[in-house]
Amino acid sequence: MEVKKSKWDRLMWTWKPPSEREAGDSVVRNLLLHWFPAKVTKDSLSFRYSFWLGTVSALLFGILAVTGVVLMFLYVPSVERAYPSVKDLEFTVSFGGFIRAVHRISAHLMVAVVFLHLVRVFWTGAYKNGTASNQNRPFNWILGLALLLITFLLSFTGYLLPWDQLAYWAITVGTNIASAAPLVGDKIRFLFLGGNEIGQNTLLRFYVLHCFFLPLLVLFLFSWHMWRVRKDGGLACVDKLALKQKSETTAPVKSKTYSLLGITRGRTVHVETALVAQDEHTVPSSPNLTRRLLAVMLITLTVVALLAVFVGAPLEEAANPLVTPNPAKAPWYFLWLQELVTDTTIHIGGLTINGALLGGMLVPGLLVLLLGAWPYLDKSSVNSVGVWFAKERRRQNLIFLAAVIFILIFTIIGTFLRGPYWKFYWPWQGWPEVPRRF
Amino acid sequence: MKNLKLLASEMSEGRRAFFRRIGQGTLLAAVAGQGYALLRSLVPNVLYEQPQKFKIGLPTQFPEGVTFIEDRRVYLFRNQNTFHVLSAKCTHLGCTVKMVNLNQPERVEIQGRQVEIAQEFHCPCHGSKYYGDGTNYAGPAPQPLACYQIEVSPDDGQLVVDLGETVSRDARLTV
Amino acid sequence: MNWKNRDWAWIYWSGVVLLLITGYVVWDNMVPEWGDYQSDFKELVAQRFGQARAKQVPAGIQQVWVPQLGRADRCTTCHLGVSWKGFENAPEPFRTHSKEILDKHPIAQYGCTVCHGGQGQATDERSAHATMVDHWEDPVLGADLAKTYLVKNREALLQINCNQCHRYDHETKGADYINYAKQLVQQKGCRACHTINGRGGMVGPNLTYIGDQSPEQYDYSRMNGVKTAFAWHLSHFKEPKAMVSTTVMPNFGFGSKEAQALAMLVLSWKKTNLPVEYIPGVKVGDVPSPEELAKEKQMETGEGAFFVKKTCFICHSVSTLGIESATNIGPDLANAAADVQARFGRTLEDFLAAPTGTMAVVLSTQIHLTPEDRAEAISKLKAAYQLKLEQEKTARPRK
């Protein structure tokens, strides 16, 4: 006796499966849902574990893509028309100011959230492998690092596009730091700028990188990153759950046995799987994961829209290569580097240590390498996988905290405490008045 | 007792469903609003185009006969002190028609009247042909060439053409 | 499940907040500042000129786009009365613009900001007038600024922009402060020490493009009051040593008016890439010499004017009537009376009525002669011939 299903039900059943069996089915019968595993652990859905930071970064990227495409219809990437087209966005395009503000806020938020996601992954040891076979979380960590760097690049290339004083000089500072790389620095700068100066070639290059290549690269790496998460058995907290389950006295879990005639690498014939007791600990992805996802989507969108209304996107004077604003600052996520460059430019007698090389290239380069190598240097046990502030990893977590604080402090100094001529100003000290024509 | 409990839970069910509907409606409205904003931004509010009404010069600057004003795609006709303007855009698919002067003025019948024409307009794209007064007589053109309003500017006496106003084929400006 | 309901709570409540924000953004877009001005103006027009004219008031953002000057000015979105006759006494922003200057500088060719300054691309008053906004250094040069700088004539500051194009005029009608300043430059001999417009001395800085100098490049260390380039120049003109302690520039005893006029002049000295048609007083084209002009006048208004009007002169000269042909394809018509008889054995009247050869083609297709035209031609040709005979008589020596 089948209940007559309406058309709507037939279209939408995958989002609200009536039973476990349909839930499992929906993941293979719906194009959007095939992205997800059939079941997720309840722990994975926890806000307090991951804060859903990875999801938020992806959502911000989605917002950026949608607003970005609309902006591509309205912005002109030519040195004569770039600035007037952005002015038109502010004044004559309906909702132009709002769309631009949403785009910019999402961009800054994405840089911050991607960084926070990295911090979370480190502090939960989620870059480590657990007990399941064929896991390669350290490699996924490297993919994530690549995504972080590309996020920085995306923001940097986008920063130039308004072609105002802020844009022009921020990119001048940034590319000059890059040219401090030994041997190839100048050549890299020449290729990056499409010439010796920041001009039409630079604008066009940055535009194509920003709108096409880098997003494509993000999409590719992001897919790989998510695929690896699935291959690794899910979020790292699943491994913690698997370990805990070994000590639980539950009914014997059906696991797969392989007779591999001794070709296994250091494992017994009975392969250890990370199978977790299904009924107690997991729930179907549809509708539980999807519902949480919808909530996170809407919260992100609402926060972005709120910020966009209250913090508009700035637009300074049209870019003028003859007049450098005082001070000229890189975008905020590079300000710690700019501050570092200042502080590593040391004059000892007649010798000057090149701060651009030391602080601009070597220190961040070393940091990136260290970050990339860290999972392979981490010798802690599987008990610390997916655990916030695991005791075993306390020392490394503290070192990491120190680095984060260091970067934060330098960013704060660079943003708030440096004024004209890069002189040091306390927040209560006013900066000298900027003279005007009239 | 049981009935009351059942009634209470049914009522709260109905209330829940009501609030759920409101919630869904709000969500839909919010998302629709955002979508509207994104799409509306693509409808331009200002156009960087040449104005529809423009001055072409003093009446004395133009010779007797037909002058092609190339950058605005109109033909200006002068007969002593009378002026009129024809569009040079073919009514088929918009190519610019070429003027062909006739060696001898011809007499043709247009809408039941005998008219003498001294030139024709031929379109190079698909072969449409028009008489000198704009009437289409051959080729795929569905309509005659448009006639635009022409007047004298009270400021400096220049001729002003208005591409936004069409006038009848017989209309003439006498200066 | 508790967490299931909590999730839905988050979803619906953020939906509510999002709806509120979206509603605010959409509403904000639907009631722009200029909307009020436009409806006010419509009412004003309806009162004064009736409903029919009120319907002609344009709606929406109005833009004057002048690609040659790189300007897209939206001032007329609020300043709707500038070209309407009859609002000379209306309150701003509806006042009619003074006609005299608009005749010489039509809005469609100049826009507004080229003369008045301001941020033409803006569509709200504060951003457009730009007297107090960050990041726009070109404010409207109007009464507000004039009040700040105590300039007696509240509309004088505008003349700074006049001089950007009228820089090389000795005197520009309507720019009295600028004219005065230019006089002072002559009288006080500024060129002795400063290079101005490309010539002068090198004791002081080159002032040719001083108006382009960024305000941040002035030394304000000895200035009280607002730090602006204009104020710097005012102080400097009044007492040079007050601004530049090591200067050798003498104190010329300038009063407020002189200092203001000179500061305005100096700030107008900028690099401008004016298209040729905007340079004042320049006629582009080859100018005919006085002799050419005289000859043209004589041909158009003299005795032979008929042959010019009827375009005979393109092929024929009529020497005794002063008509010179550029091509001389046909014979001199001064001889026509006798020539036609000799060559064709026909009278002038006969020939013109039924011409042969080239004339047949010309007179049937290119030149149309009415019977009155023909009569006039004939009488003129006969007169020309008479003149020719007389000239030959006087030229021949008397035997």
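Protein chains in written order, with the working numbering: chain X, 80 to 517; chain P, 620 to 794; chain D, 1372 to 1770. We treat Cβ as the ideally placed atom computed from N, Cα and C, and that holds for glycine.
> How do the stretch 176-188 of chain X and the stretch 424-443 of chain X stand: do at least 3 beta-carbon pairs fall below 8 Å, yes or no?
Replying inline: no
> Out of curiosity, what's the CA-to-CA distance linking T1467 (chain D) and Y1548 (chain D)?
Replying inline: 24 Å
> Do you know offhand how far P1702 (chain D)'s Cα is from S1696 (chain D)'s?
Replying inline: In this model, P1702 (chain D) and S1696 (chain D) are separated by some 10 Å (Cα to Cα).
> Can you find a heavy atom of the ligand ATP that lies under 7 Å from the Cβ of A707 (chain P)?
Replying inline: As presented, the structure is devoid of all ligands, the ligand ATP included, so that no description of it is given.
> Which residues of chain X have a Cβ atom closer than 9 Å to the Cβ of V734 (chain P), listed in chain order?
Replying inline: When 9 Å is used as the limit between beta carbons, V734 (chain P) is near no residue of chain X, the shortest such separation being about 48 Å.
> Can you give the Cα-Cα distance for G1457 (chain D) and H1450 (chain D), rounded to whole angstroms?
Replying inline: 14 Å
> Assuming E396 (chain X) contacts E1587 (chain D) under a Cβ cut-off of 8 Å, what Cβ separation, rounded to an integer in Å, is found between them?
Replying inline: The C-beta distance from E396 (chain X) to E1587 (chain D) rounds to 12 Å, too long to fall under 8 Å, and the pair is not in contact.
> Using the beta-carbon of each residue, which ones in chain X are nearer than 7 Å to Y659 (chain P)?
Replying inline: Note on identity: in this sequence residue 659 (chain P) is Arg, with Tyr being the wrong assignment. Here the neighbours are S173 and F174.
>> At the level of alpha carbons, what is the spacing between C1683 (chain D) and G783 (chain P)?
In response: 42 Å
>> For T134 (chain X) and S1385 (chain D), I'd like the C-alpha separation in whole angstroms.
In response: Between the alpha carbons of T134 (chain X) and S1385 (chain D) lies a gap of roughly 17 Å.
>> Please tell me whether R648 (chain P) has its Cβ less than 8 Å away from any Cβ of chain D.
In response: A quick correction: the sequence has Ala, not Arg, at residue 648 (chain P). A Cβ of chain D is located within less than 8 Å of the beta carbon of A648 (chain P).
> Interface residues of chain P around I178 (chain X) at Cβ under 9 Å?
Replying inline: A656, L657 and S660
> With which residues is V734 (chain P) paired in a DSSP beta bridge?
Replying inline: In DSSP, V734 (chain P) forms a bridge with P:V727.
> If the cut is a Cβ gap below 7 Å, which residues of chain D does D774 (chain P) touch?
Replying inline: D1474
> Helix, strand or coil for L339 (chain X) per DSSP?
Replying inline: Low per-residue confidence applies at L339 (chain X): pLDDT is 49, beneath 50, and the placement is therefore not dependable enough to give any value.
> If you run the structure through DSSP and keep just helix, strand and coil, what is T1579 (chain D)?
Replying inline: coil
>> Nearest by alpha-carbon distance to T679 (chain P): which of P:P773, P:R659, P:N700 and P:Y694 is it?
In response: Here the closest residue by C-alpha is P:N700.
>> Against N1400 (chain D), what residues of chain X qualify as contacts under a CB-to-CB distance less than 7 Å, listed in chain order?
In response: S173 and F174
>> Which same chain residues end up closer than 6 Å to N405 (chain X) when comparing Cβ atoms and leaving out the 5 residues on each side of it in sequence?
In response: P499
>> For a contact defined as C-beta to C-beta under 8 Å, what are the partners of S1385 (chain D) on chain X?
In response: Here the neighbours are A374, L377, I378, L380 and T381.
> To the nearest angstrom, how far is it from the Cα of I688 (chain P) to the Cα of N755 (chain P)?
Replying inline: 21 Å
> CA-CA distance, A144 (chain X) and P363 (chain X)?
Replying inline: 30 Å
>> If I follow the unbroken beta strand (DSSP E) through Y750 (chain P), where does it start and stop?
In response: Where Y750 (chain P) is concerned, the enclosing beta strand (DSSP E) stretches over K748 to Y750.
> What residues of chain D sit near L385 (chain X), judged by a beta carbon separation below 8 Å?
Replying inline: Here the neighbours are V1388 and I1392.
>> Looking at the strands, I want to know which residues DSSP matches up with Y767 (chain P).
In response: P:V704 and P:T785
> Taking three-plus beta-carbon pairs below 8 Å as touching, is the stretch 1514-1529 of chain D in contact with the stretch 1622-1633 of chain D?
Replying inline: yes
> Is Y1756 (chain D) buried or exposed, if buried means 16 or more other CB atoms sit within 10 Å of its CB?
Replying inline: buried
> With a Cβ-Cβ cutoff of 8 Å, do S660 (chain P) and G175 (chain X) count as a contact?
Replying inline: yes
>> Counting only Cβ pairs nearer than 7 Å, list the residues of chain X close to V665 (chain P).
In response: T171
> Quick one: which chain D residues come within Cβ less than 9 Å of R199 (chain X)?
Replying inline: Residues of chain D passing the Cβ test: none, with the nearest at roughly 20 Å.
> Are any of the Cβ atoms in chain D nearer than 8 Å to that of T701 (chain P)?
Replying inline: no
> So, is the C-beta of S1585 (chain D) closer than 8 Å to a C-beta in chain X?
Replying inline: yes
> D1710 (chain D) lies in the alpha helix (DSSP H); which residues open and close that run?
Replying inline: A1707 to F1715
> Relative to chain P, which residues along the stretch 1460-1488 of chain D have a C-beta separation below 9 Å, given in chain order?
Replying inline: K1470, L1473, D1474, P1477 and A1479
> Over what stretch of residues does the alpha helix (DSSP H) that includes V263 (chain X) continue unbroken?
Replying inline: Where V263 (chain X) is concerned, there is no enclosing alpha helix (DSSP H), given that its DSSP letter is neither H nor E.
> Is it right to say L262 (chain X) is buried, meaning 16 or more other beta carbons lie within 10 angstroms of its own, or is it exposed?
Replying inline: exposed
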